[in-house]
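If you count the sequence shown from 1, position 93 lands on 565 in the working numbering, and the numbers rise without skipping. Virtual Cβ for every residue (Gly too), placed ideally from N, Cα, C. All values derive from a computational prediction rather than experimental measurement.
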Amino acid sequence: MKKPILTLFAFLFILFAIMALRPVSPSRENSKLIIGTVNDIREGGTKDIVFSLVGESRLYYINRGLERNLALESLRKATTKKKLEILYADHWTPLDVFGKAAKHITELRIDNKIIFSELK
Numbered sequence: 473m474k475k476p477i478l479t480l481f482a483f484l485f486i487l488f489a490i491m492a493l494r495p496v497s498p499s500r501e502n503s504k505l506i507i508g509t510v511n512d513i514r515e516g517g518t519k520d521i522v523f524s525l526v527g528e529s530r531l532y533y534i535n536r537g538l539e540r541n542l543a544l545e546s547l548r549k550a551t552t553k554k555k556l557e558i559l560y561a562d563h564w565t566p567l568d569v570f571g572k573a574a575k576h577i578t579e580l581r582i583d584n585k586i587i588f589s590e591l592k
């Protein structure tokens, strides 16, 4: 009786790990748009650039943005009192069941000018 239960738990653990660790696929079809004004820009994680928007509790980040020749100060100057258009990956993971975690930015635009994009 223990062997089938152990096998089931092992299978469920592997399935959970695969779903949790699958890569984010950056495409327009898998992205959602949010428009907002920047509240704060800071470094977070491993050289990530993290944006918080006015009136929005969720955070948005450019993965390894500081390694991609983006600078915090120039982004702060470029975004002051301007509307940002953020495309972020619409990605579900069992580690974020309710969708409250920070969202991965796939494209960032200011005044219809693309500042950052990992879309093809």
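The Cβ-Cβ distance between residue 532 and residue 585 does not fall below 7 Å. Between residue 510 and residue 551, the CB-CB gap stays under 7 Å. In the DSSP assignment, residue 548 falls within the alpha helix (DSSP H) that extends over 544–551. Uninterrupted alpha helix (DSSP H) stretches at least 4 residues long and entirely within the segment 498–561 occur at 544–551, given in chain order. Distance from residue 516 to residue 556 at the Cβ level is roughly 17 Å; contact not present, criterion being Cβ atoms closer than 8 Å.
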